[in-house]
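Residue numbers (UniProt numbering): 1 to 911. The C-beta atom is built at its ideal place from N, Cα and C for all residues, glycine as well.
In C-alpha cells form, the structure reads like this:
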C-alpha cells in the first residue's frame, strides 16, 4: 500500500516513517496500552478501506482527502511515539502525559470523519487534530516584543523545490532522520556537497514539506548578494520564526527579548546562548520541530564565519531534544573542521556520481525541455522532442551537477532551441576528468560567447563593469542603481538582456547571479577570457564611482531632505544609488590593497566639500553607527596604504572624533550637525577651520581649542558608575559597574552594549576587572560577594564567592587568569581565590590595616599594590601567609598598575 500511495502523493514516506517508528515502540512494550491499540486499529481500518480504491490516480478530491489523512497520520504518529516512551508498560517513566485520553479520542474521531469524507467523495476540509497548544498570549503584544529581534526579511519567492519524482532517495533519508527519536543524540544533520549539486533546492523542498506538516520551526538561507543575511542576523531570525509556531516557545522567547532589548546587536554566541538554549525548559511532547539553515558557506569569508561556527559548534550540544537542525553548505575546510566529527552532528554527503543523482538530472532535463517544447508551439517540435538520446547526452555532460542542467536549459530556451541544443551537445564533450566544474565552465563560456560582441570594446567594457559591480557590491544593485553609479554607454538592461542563462533581473528588482558558481567562474576560473573580473580592480572602480556620484551636483548638500528644527525626522529616504554610495564607499576604499596617490586626492577633495553632508545623509538614514565605523576603518587604511598623506589622515582623524564626540547630538537630529555640533567643535581642528562659517553660533567663553580626552559618552546605567575596566586582549571592550547593582559590557568603538546587563549582585557594584585573556569578568559588591562572569556570554560561571564581611571594595585577576585577589576596607583583608573553582586559597586572611576603598593591582608573580593604604606586598599563593609589605605614607591618590616587564607603575595625584 505504501508503494502504491507513494506514486500518488510525496508525503507518504514521511507519514510511514513517523507512524512505523511509533508502532515499533508500541510493539516493544510487554503490556500494550489498550487505548493506543484502539487508535492504531482505527487507522488500520481507514488505510485498508482506502487501499481498496482504484480511482486515486484520477480523482483529485480523493487525493486531497488522502493528503489530509497523511497529515493527520503524521501528527498521530508523533503522539504515539511520545505517549509510548512516557508510558512504557503502563508506568510513567518520565512524567504523566496530561490530556492523553482526550487527545486519543480526538484522533479517533478525526480519522472517523476522514473515513466519511472519503466514502462520500466529498472533501469537507475536516479540521485536523494538531499537536499544538493554542496561543494563550496576546499575539499583537508578542509581536511587538519580538520586533526587538529585528528579523531580516527571508523572501522565498525565488526558491524552487525539487521536481516531482526527483531526489526521492535523499528526501526519504532526511524525513526518516527527522522522524526518528532523539535516542542517538544527533540533533543536527550537515548536508554538504559541491556547488551546483542541488543543495539549496533540497533544503527548500524539506523546509516547505515541513511547513506543510507544521513542523518547520525556521528557514534561513544565506546569500552573498544580501549582506543583511549574515552571522549577526541568523540567530534572531531563527528565534523569531520559532516563536511564531507555538505559544510556549513564543512566551519564552518573548520573555528573553523583553529583558534583553538589544539582543539583536549582541555577539552570535550570546544570541545562541540567550535565545535558543533556554528552550530546553519547554515541556514538549509534540514531535520534532525542524530548523533549516542553507548556504552556510555564503556567510562571508572564512574569517567572517569563524565566530558563527564557534557558536554553532558549542550550541549544537545544548539543543532541546525536540529540535532537528539541518545545515546545508559546501564542504569548506573551516565548516568541515567544525562539523565532520562533532558528536551532535550527522554528516551527509550529497553524492553527485550516484545512479540516483544521474536519473534525477535526466528527469529534470526531461521536464525542462518538455516545457520548452510546449512554449514554442510555432516551431512545430515533434511530441517526443528532443528524444531520449539527446536527454541522455545532456545528462552525461552535466557531470552530476544540477546547475549545469539548469543553465543549459536556460541557454537552449534563449533562441532557436533545437539549434542551441545540438550545438551544446557537439561543443560540450563528455568530461572524463576528476574536476567536476570543467563542463560547467565550458557551458558558462558558451552562454557568454552567444550573449554579445565581446570583440567590441564598448560592449566588453559595459558588460565587465556591470559584472564587476554585481559581484563586488555589498548590497544587490538594481539596473537603475547601476546606471546611476557607472554612467554606462547604454542602459544596463540593454547590455544584460541576453544573459538570462546566468543572471536574473527585472526593471525594478536587484540583479542577481543565478548560481554562486558563476561568481566563482567570473572572478577566478575564467582568467584570460574577455569577461574575467579582477575583484581588486573592479572594487576600486566601484569605490571611485560611489565617491564621484556623491560629489556630483545636488546628490549631497546641506539639509538634503528639507528638514526643519525642532520637528523630528520621519521616515526620510534618499535615492537608492545615493544611499548605497553613502553606506559603502569607505568599505570599497578599504578593500584597495595598492592605492595610488590619486585615490587619496579624490577622498580629500570629497571630504573637503561633503564631509558634513555625508554625515547628515547617514544620520537621516539612521545609520550614524556606519559613520563612526567607516571613519575608523578609513583612518586605519590610510595609515597602511597612504601613510604619507598626513593632511588627509588629520582630516579623517578629526572627522572620527567629531562623529564620536557629538554622536548623541547627531542622532537626535541631523541638522544639529551644523547648528550645534559644528560651533562647539574645537577651533584648532581641521573640521572647524574648514566648515565653520559666519551666521552660525559662536562660542565666546571656554571654547575648546583641541579635542578633549573624552571620546564618547556611553549611556545605560541608572545610577552612579563606580568602576570601569578595559579588556587586555585588544578587543576594545569596556566593562562598567554601577550603584544600580548591574554590570554592563560595551564596545569601546561605538558605545553599543554587547551583552544584556549582568544581574546578580544585590547591592552596589564597587569594582570590576577583566582577565588578561578577555574571557572572564570579576566583580565585587557591597553585598559582600565576588562574582565571576563569562565575558562572551554574560553567564555567571561560579557561585558567589563569600568570605569578606561586610563589603568587597576591589578585585583583580592574576596575569594567567587562574587566581582572583579581592580586598576590603571593613575587615581589612585581602583574599585570594581559585578563579576556576571559587575555592579560597588563603584560609587565614591577614590584617593589613587597609583604609577605605583600596585599589588593588595584581601582577603575574603575586605582587599586589594598594593605593590609598600606600603599601606594596606579595601574595604567595602556595601558602596561607603574606610576605612582608612595604608602606609609604602620603596624603594622595594613586593609580597602580603593572607593565608586561613586571615593573610597578604608580601615578601620584596630590590632593
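Taking just the CA atoms, how far does residue j sit from residue i?
i, j, result
"residue 65", "residue 215", "20 angstroms"
"residue 569", "residue 445", "50 angstroms"
"residue 499", "residue 524", "19 angstroms"
"residue 457", "residue 521", "22 angstroms"
"residue 656", "residue 719", "29 angstroms"
"residue 260", "residue 451", "53 angstroms"
"residue 191", "residue 590", "35 angstroms"
"residue 161", "residue 208", "8 angstroms"
"residue 82", "residue 286", "7 angstroms"
"residue 204", "residue 218", "12 angstroms"
"residue 230", "residue 266", "13 angstroms"
"residue 805", "residue 780", "12 angstroms"
"residue 833", "residue 36", "58 angstroms"
"residue 920", "residue 332", "With the chain running from 1 to 911 in the structure shown, residue 920 is simply not present."
"residue 59", "residue 118", "11 angstroms"
"residue 650", "residue 788", "42 angstroms"
"residue 344", "residue 360", "31 angstroms"
"residue 831", "residue 769", "16 angstroms"
"residue 703", "residue 681", "8 angstroms"
"residue 309", "residue 234", "12 angstroms"
"residue 945", "residue 757", "Residue coverage of the chain in this structure runs from 1 to 911, which leaves residue 945 outside it and unanswerable."
Give me, in chain order, the residues of the same chain whose beta-carbon lies closer than 8 angstroms to that of residue i; leave out the 5 immediate sequence neighbours on both sides.
i, result
"residue 793", "269, 270, 273, 274 and 755"
"residue 427", "442 and 446"
"residue 531", "448, 454, 460, 463, 464, 467 and 522"
"residue 336", "192"
"residue 679", "692, 696, 697, 698 and 699"
"residue 45", "115"
Report yes if the C-beta distance between residue i and residue j is below 8 angstroms; otherwise report no.
i, j, result
"residue 236", "residue 151", "yes"
"residue 339", "residue 294", "no"
"residue 488", "residue 502", "no"
"residue 934", "residue 576", "The question about residue 934 has no answer here: the residues shown for the chain are numbered 1 through 911."
"residue 784", "residue 765", "no"
"residue 540", "residue 592", "yes"
"residue 475", "residue 227", "yes"
"residue 197", "residue 352", "yes"
"residue 257", "residue 296", "no"
"residue 421", "residue 390", "yes"
"residue 364", "residue 342", "no"
Can you list, in chain order, the residues of its chain with a C-beta nearer than 6 angstroms to that of residue i? Leave out the 5 residues immediately preceding and following it.
i, result
"residue 771", "813 and 817"
"residue 478", "510"
"residue 884", "Residue placement at residue 884 is flagged as unreliable, the pLDDT there being 36, under the threshold of 50; a coordinate-derived value is accordingly withheld."
"residue 836", "none"
"residue 76", "107"
"residue 15", "70, 73 and 74"
"residue 572", "561 and 620"
Under the assumption that residue i contacts residue j (Cβ atoms under 8 angstroms), give the Cβ distance between them as a whole number of angstroms.
i, j, result
"residue 542", "residue 588", "5 angstroms"
"residue 724", "residue 706", "About 24 angstroms separates the two Cβ atoms, so there is no contact after all."
"residue 767", "residue 809", "6 angstroms"
"residue 188", "residue 346", "7 angstroms"
"residue 402", "residue 201", "7 angstroms"
"residue 711", "residue 632", "At roughly 11 angstroms, the Cβ-Cβ gap does not stay under 8 angstroms, so residue 711 and residue 632 are not in contact."
"residue 264", "residue 408", "42 angstroms between Cβ atoms; not a contact."
"residue 288", "residue 178", "6 angstroms"
"residue 610", "residue 556", "5 angstroms"
"residue 325", "residue 291", "5 angstroms"
"residue 169", "residue 356", "5 angstroms"
"residue 400", "residue 436", "7 angstroms"
When you compare the CB of residue i with every CB in chain C, is at least one pair closer than 8 angstroms?
i, result
"residue 514", "Included in the structure is just one protein chain, with no chain C present."
Can you list, in chain order, the residues of its chain with a C-beta nearer than 7 angstroms to that of residue i? Leave out the 5 residues immediately preceding and following it.
i, result
"residue 563", "569, 670 and 671"
"residue 838", "798, 799 and 801"
"residue 912", "With the chain running from 1 to 911 in the structure shown, residue 912 is simply not present."
"residue 985", "Lying before the first or after the last residue shown, residue 985 is absent from the chain, which here runs from 1 to 911."
Any contact of the stretch 569–585 with the stretch 616–636, i.e. 3+ C-beta pairs under 8 angstroms? They touch, by the three-pair rule.
For the stretch 275–295 against the stretch 241–261, are there 3 or more C-beta pairs whose distance is under 8 angstroms? Contact holds between the stretch 275–295 and the stretch 241–261, because three or more Cβ pairs, one in each stretch, are under 8 angstroms apart.
The stretch 639–657 / the stretch 593–601 touching (three or more Cβ pairs under 8 angstroms): When C-beta atoms of the stretch 639–657 are compared with those of the stretch 593–601, three or more pairs fall below 8 angstroms, so the two segments count as touching.
Between the stretch 364–373 and the stretch 400–413, do at least 3 Cβ pairs fall closer than 8 angstroms? Yes: at least three Cβ pairs fall under 8 angstroms.
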